[in-house]
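Everything below concerns the one structure shown next.
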Amino acid sequence: MIEKEKINWIYKKIFTIRFFEERIKKIAKEKTVPGYLHTCIGSEAICVGVMAALNQDDWISSTYRNHGHAIAKGCELNEITSEIYGRKTGICKGRGGSMHISDFSKGMLGSFGIVAAGPAVVLGAALQEKINKSNKTCVSFFGDGAIHNGAFHEAAGLAKLWDIPMIFVCENNGYAEATATDWHLNTKELSDITKAYDMLSYIGDGNNVFEVYDISKKAINEAKQKNTPIFLEFKNYRFSGQYEGDTQLYQPQEEIDKAKQNDPIKLAKENSSKYDLNKNDLEKIINEAKEEVDKAFDFADTQPWPQPEDALEEVYVNYPVEINR
Amino acid sequence: MTIKTVKDAINDALVQSFEEDKNVILMGEDIAGGKGREQYQGTQDAWGGPFGVTQGLYTKFGGERVRDTTIAEAGFFGAAIGAAMTGLRPIVELMYVDFAGVCFDQMMNQAAKVRYMFGGKQKVPMVVRTVVGAGFRAGSEHSQTLYSLYTHIPGLKVVAPYDAYDAKGLLLSSIKDDDPVIFMEHKRLYMTSCEVPDDLKPIPLGKGRIRKEGSDVTIIAIQRMNLFAEEAADELEKINISCEIVDPRTYSPLDEELIFQSVKKTGKVIVVDESNPKCSLASEISSLISEKCFSDLKAAVIKITAPHTPVPFSPPMEDFYIPSTKKIIDAVKKLKDV
Ligand SMILES: Cc1ncc(C[n+]2csc(CCOP(=O)(O)OP(=O)(O)O)c2C)c(N)n1
Ligand SMILES: [Mg+2]
């Protein structure tokens, strides 16, 4: 049984992310914001399902495709949007941009643009939790493409060797850029990769937010109980292109149509009665989510730009000479 | 004579090299794109890399020679070294130079040292094509230049062309070269164009180029900074200040002679580099001039560089980060009065 409050939270977040990313797609088309934009349409259930199993002060890492993780982890919508717009009141003061949305105070260690940079950083946070005998959960989000990178394997090996109860969350969305996952995998199931490390792994339907939540919750408990890392593979579909502007020619229409039948938002709606959410409640949540997203974009649009010289700040904690050039 | 963009000029040089030498191969992430979905019309060469530079190569030369890789830079960079040592001429694409960190060992410790350390019996004829540069609102991890990172390493050659002519001529040479070459392409220059003869000969590495002759001040401009140097020189011409623009084009080897000749002529020098200032090409070139042309100098060399910070995302800050035409004009005026 999931408590009512959590169910409402899950629904609110999943719709917020979808509306947010749809809005991002729109401004990307209008070319009103600077820089690269990677949206996560199709990943909402993974973002929300895993985060529903976490506390706000638990640690996560994300990637360039981070909007959904940031929203689900509780980062302020206004600040996220402002950051994407490059404004001074952005979550990283306009220094990071869309690819690096992070708020340490909300348990986001960072959104890294380098594929597979996250797992080892989370390993370190989890090591700290172990040494300090505290109990925060540590989760690293990454894509199917990342499992080919050495940095992932080194983190996995150490996590197992050191009995670190961290959670590796691999979002298997069918593509790494323009490369199909069924081409690049060299194991039958993606999560078979963990066999080399004798690491526990579970596969789940990444389109079903309640399944993601359930698996994540169990995995977190098991990891802590057994003092072991656990690898979770959630299968879903990347409706978005690699980045906004990607022609997506390589994603066949039949494939997209088929995936749409399992769209995480569609499934969440269909499941709502199972979770005692009546039509009116659902409607209310949807409207609230929409309104909040609209407000955030209105907010961002009116925010001040940083001063040029702000570029010089906070390179170091402490540096004896002025950075003046 | 044809007008070509830098992007097309690079593609032309690749095609020509593939045609001339069957040992030339290309490896990288989504350099074709659409892997696993080839059966769908129009998906071959779906990407041609993120900037479309290698588009068409897969269709022309096939998957044996144009190989999409997984996100395993250390793996395919290492593979390029072994393939080069045993007879191929691999070109590898490092999608953004910012990813250098995940495969730097391959270049620093293997590619660069194999010849020297193993007694001069081997060679590593490979090219790393990579994308550099700020001004794309791409944030701290997709905007660096890192020229000096590679230039610092003995055994590596470093090339950074400004226009389409140089891009084609220098890439042809880089692929023919028997040493490992880092070929740096600036993302903000891909769509700029100039005349490129169809039968352009390879341009030798280590030969710089005077982009504009002048007599008052020498501006040494690195890659995209030539754009700002040219704008500044045009502006200054109007008030009768004559600038000479030197584009070294390659940084290892560096055409020191060309630089020194210009310094002898003007005695006043500005070096413009988009990189961070510490241990940069700007500081290297400036120190060479101070050491070798001290008596010719009428004033200390002025360096115009980015600040000692990562590249910020937001436009006002990023524009501040990148050297500007105005900064060059101000520096020239300051030197003029010396
Ligand atoms: C080390 C490194 N190599 C290459 C890239 C370029 N790149 C960015 S995203 C990406 C694909 C990642 O695919 P996946 O891990 O499946 O994540 P998804 O985008 O599907 O969420 C690549 C190759 C990078 N950012 N870092
Ligand atoms: Mg993927």
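Which chain is which? The protein sequence lines are Y and E, in order.
Numbering of the first sequence is given in this note's numbering, commencing with residue 5 and proceeding in unit increments.
Numbering of the second sequence is given in this note's numbering, commencing with residue 236 and proceeding in unit increments.
Glycine included, C-beta positions come from ideal geometry on N, C-alpha and C.
Span of the beta strand (DSSP E), counted from its first residue to its last, around residue i
| i | result |
| --- | --- |
| E:Val-504 | 504 to 507 |
| Y:Lys-164 | Where Y:Lys-164 is concerned, there is no enclosing beta strand (DSSP E), although the alpha helix (DSSP H) it sits in stretches over 154 to 165. |
| E:Ala-468 | That residue, E:Ala-468, is in no beta strand (DSSP E); its alpha helix (DSSP H) goes 460 to 472. |
| E:Phe-286 | Run containing E:Phe-286: none; DSSP gives neither H nor E here. |
| Y:Ser-115 | 112 to 116 |
| E:Thr-237 | 237 to 240 |
| E:Glu-479 | 478 to 482 |
| E:Val-452 | 452 to 456 |
| Y:Phe-243 | Per DSSP, Y:Phe-243 belongs to no beta strand (DSSP E) and is neither H nor E. |
CB contact check: residue i to chain E, cutoff 8 Å
| i | result |
| --- | --- |
| Y:Tyr-40 | yes |
| Y:Ile-327 | yes |
| Y:Ala-263 | no |
| Y:Arg-99 | yes |
| Y:Gly-90 | yes |
7 Å CB neighbourhood of residue i in its chain, flanking five on each side removed
| i | result |
| --- | --- |
| E:Ser-515 | Ser-383, Asp-508, Thr-540 |
| Y:Phe-24 | His-71, Ile-75, Val-297 |
| E:Asp-490 | Gly-441, Lys-442, Gly-443, Pro-483 |
| E:Ala-347 | Ile-388, Pro-389, Gly-390, Leu-391, Pro-415 |
Cβ neighbours of residue i in the same chain (closer than 8 Å, five flanking residues each side left out)
| i | result |
| --- | --- |
| E:Gly-291 | Asn-246, Val-250, Asp-280, Gly-283 |
| E:Pro-550 | Arg-372 |
| E:Ile-564 | Ala-467, Glu-470, Leu-471 |
| E:Arg-459 | Gly-368, Gly-370, Tyr-397, His-421, Arg-423, Leu-424, Glu-509 |
| E:Met-320 | Val-349, Gln-357, Lys-358, Val-359 |
| E:Val-573 | Lys-503, Lys-533, Ala-534 |
| Y:Lys-16 | Ile-289, Glu-292, Ala-293 |
| E:Val-498 | Thr-453, Val-504, Ile-524, Cys-528, Asp-531, Leu-532 |
Proximal chain Y residues relative to residue i, where beta-carbon distance stays under 9 Å
| i | result |
| --- | --- |
| E:Val-337 | Ile-118, Val-119, Ala-120, Ala-121, Asn-153, Gly-154, Ala-155 |
| E:Asp-434 | None at all; the shortest Cβ gap to chain Y is about 34 Å. |
| E:Phe-555 | Gln-311, Pro-312, Glu-313, Asp-314, Ala-315, Leu-316 |
| E:His-421 | Neighbours of E:His-421 on chain Y: none; closest Cβ ~17 Å, over 9 Å. |
Beta-carbon neighbours of residue i, restricted to chain Y and to distances below 7 Å
| i | result |
| --- | --- |
| E:Arg-272 | Ala-184, Tyr-254, Pro-256 |
| E:Phe-334 | Ile-118 |
| E:Ala-309 | Gly-154 |
| E:Ala-281 | Ala-182, Leu-253, Tyr-254 |
Sequence-distant residues of its chain with Cβ nearer than 6 Å to residue i (five each side left out)
| i | result |
| --- | --- |
| Y:Tyr-254 | Ala-182 |
| Y:Val-3 | Because chain Y spans 5 through 329 in this model, residue 3 of chain Y falls outside it and cannot be assessed. |
| E:Asn-511 | Ala-541, His-543 |
| E:Tyr-385 | Leu-391, Val-393, Ile-417 |
| Y:Lys-239 | Asn-176, Gly-210 |
Contacts that residue i makes with chain E (C-beta to C-beta distance below 9 Å)
| i | result |
| --- | --- |
| Y:Gly-114 | Simply none; closest approach about 11 Å. |
| Y:Val-319 | Pro-542, His-543, Thr-544, Pro-545 |
Continuous alpha helix (DSSP H) stretch holding residue i: start and end
| i | result |
| --- | --- |
| Y:Trp-187 | 185 to 188 |
| E:Ile-524 | 516 to 527 |
| Y:Ala-272 | 268 to 275 |
| E:Met-419 | Not the alpha helix (DSSP H): E:Met-419 falls in the beta strand (DSSP E), residues 416 to 421. |
| E:Gly-263 | Unbroken run through E:Gly-263 is the beta strand (DSSP E), 259 to 263; no alpha helix (DSSP H). |
| E:Ile-445 | From DSSP, E:Ile-445 is part of no alpha helix (DSSP H) but of the beta strand (DSSP E) over 444 to 447. |
| Y:Thr-85 | 81 to 88 |
| Y:Leu-236 | Element bounds for Y:Leu-236: not the alpha helix (DSSP H) but the beta strand (DSSP E), 234 to 239. |
| E:Val-498 | 491 to 501 |
| E:Tyr-556 | 550 to 556 |
Within chain Y, the residues that residue i reaches when beta carbons sit closer than 8 Å
| i | result |
| --- | --- |
| E:Gly-268 | Glu-181, Ala-182, Thr-183, Tyr-254 |
CB contact below 8 Å: residue i versus chain Y
| i | result |
| --- | --- |
| E:His-387 | no |
| E:Val-567 | no |
| E:Gly-287 | no |
| E:Asp-265 | yes |
| E:Asp-303 | yes |
| E:Tyr-351 | no |
| E:Met-552 | yes |
| E:Tyr-275 | yes |
Proximal residues of chain E, C-beta to C-beta of residue i below 8 Å
| i | result |
| --- | --- |
| Y:Phe-150 | Per the sequence shown, the amino acid found at residue 150 of chain Y is Ala instead of Phe. Result: Ile-306. |
| Y:His-343 | The displayed coordinates of chain Y run from 5 to 329. Any statement about residue 343 of chain Y would go beyond what the structure contains. |
Interface partners of residue i on chain E, CB under 7 Å
| i | result |
| --- | --- |
| Y:Trp-187 | Lys-270, Gly-271 |
What are the residues in the stretch 284 to 316 of chain Y lying within 8 Å of chain A by C-beta distance? Absent here is chain A; the protein component of the structure consists of chains Y and E.
Uninterrupted beta strand (DSSP E) stretches inside the stretch 317 to 370 of chain E (no shorter than 3 residues):
324 to 329, 362 to 367, all fully within the stretch 317 to 370 of chain E.
- Query: What are the complete beta strand (DSSP E) segments, minimum 3 residues, inside the stretch 16 to 74 of chain Y?
  - Reply: Here the runs fully enclosed are 63 to 67.
> Mind pulling the alpha helix (DSSP H) runs of 4 or more residues that sit fully within the stretch 175 to 232 of chain Y?
Replying inline: Taking 4 residues as the shortest admissible run, the stretch 175 to 232 of chain Y contains the following complete alpha helix (DSSP H) segments, listed from N- to C-terminal end: 185 to 188, 213 to 230.
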